[in-house]
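Q: In our numbering, the protein residues as written are 282 to 432.
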Amino acid sequence: MSDGDAPVGSNLGQLIKQLDAIEFRTDRDLYNYARILRAIGFELYMRIGMDADMVTAILSQYKGKWWTFGAQSKIRAKLVGGHLKAGATAAKVLGLSGVKMYASFVKHFIKPEQEAEAEARKGKGSKKPGFSIGDKPSGSAGKPGEAGRAA
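1. Check whether the Cβ atoms of V380 and A315 sit closer than 8 Å, and answer yes or no.
2. Can you tell which of R309, H364, I321 has the C-alpha that lies nearest to the C-alpha of G376?
3. Whose C-beta lies closer than 8 Å to the C-beta of F386 among residues of the same chain, with five residues either side of it excluded?
4. On the three-state DSSP scale, how would you describe Q342?
5. Keeping to the same chain, check which residues put their C-beta closer than 6 Å to that of Q299; ignore five residues upstream and five downstream.
6. Near F305, which residues of its chain fall below 7 Å by C-beta distance, leaving aside the five closest residues on each side in sequence?
7. Looking at the secondary structure, which residues open and close the alpha helix (DSSP H) in which R357 lies?
8. Please confirm whether L365 and S354 have their CB atoms less than 8 Å apart.
9. In chain order, what residues of the same chain have a beta carbon less than 7 Å from the beta carbon of A358, not counting five sequence neighbours either side?
10. In or out: G363 buried (at least 16 other Cβ within 10 Å) or exposed?
11. Can the beta-carbon of A302 be found closer than 8 Å to that of G330?
12. What is the C-beta distance between L325 and A367, in whole angstroms, given that I count them as a contact (C-beta under 8 Å)?
13. What would DSSP say about R316, mapped onto helix, strand or coil?
14. Taking only three categories from DSSP, how would you classify F323?
15. What did DSSP end up calling F305 once you bin it into helix, strand or coil?
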């Protein structure tokens, strides 16, 4: 699955199927994996966060026994909702881990390859005589066009 232009949906089941269908063969596959994992994390973060607010609101309305007057229900509801909020934060971290994975891949694999190719091209270009604009002529000590003039 190397189609990086495919839209990432917001349906959680569809996102999981897309994630499952990826086979790691190219760098685009890693990019798509990171995109889909980020979308899954964001979707879960939003859903669980909203559910946590809903559970907190519903449980805080519970009146309880007559002698507590419902005061403890609000405190307990926040504790219960807090666990869901922690789960929402974990889902957010899940989504960010995909982005960090791809950034690490770029840093440790793609950038060194690009730098090595640039060095190889730079090395090959200096051995061949030819026309260059803006570069220091080989063997000169000054600015371009100043070769042969005394300092």
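Think of the CB as a built atom: it goes at the ideal place given N, C-alpha and C, for glycine as much as any other residue.
Everything numeric in this text was worked out from a predicted model, so none of it was measured.
A: Inspection of the coordinates gives the following:
1. Cβ distance < 8 Å, so V380 and A315 count as in contact.
2. Ranked by Cα distance from G376, the first of R309, H364, I321 is I321.
3. The beta carbon of F386 sits closer than 8 Å to the beta carbons of D308, L311 from its chain, once the five residues preceding and following it are set aside; these are given in chain order.
4. Collapsing the DSSP output to three states places Q342 in coil.
5. Apart from sequence neighbours up to five positions away, the residues of its chain that approach Q299 with a beta-carbon distance below 6 Å are I317, ordered along the chain.
6. So the qualifying residues of the chain are L311.
7. Here the alpha helix (DSSP H) through R357 covers 352-386.
8. Result no, Cβ atoms of L365 and S354 do not sit closer than 8 Å.
9. Answer for A358: T337, L340, S341, listed in chain order.
10. Its Cβ having fewer than 16 others within 10 Å, G363 is exposed.
11. In this structure, A302 lies away from G330, with their beta-carbon atoms at least 8 Å apart.
12. The beta-carbon separation of L325 and A367, rounded to 13 Å, does not stay under the 8 Å limit for a contact.
13. If DSSP states are grouped into helix, strand and coil, R316 belongs with the helices.
14. Here F323 sits in helix by DSSP.
15. Looking at F305 - three-state DSSP - the assignment turns out to be coil, as it is neither helix nor strand.
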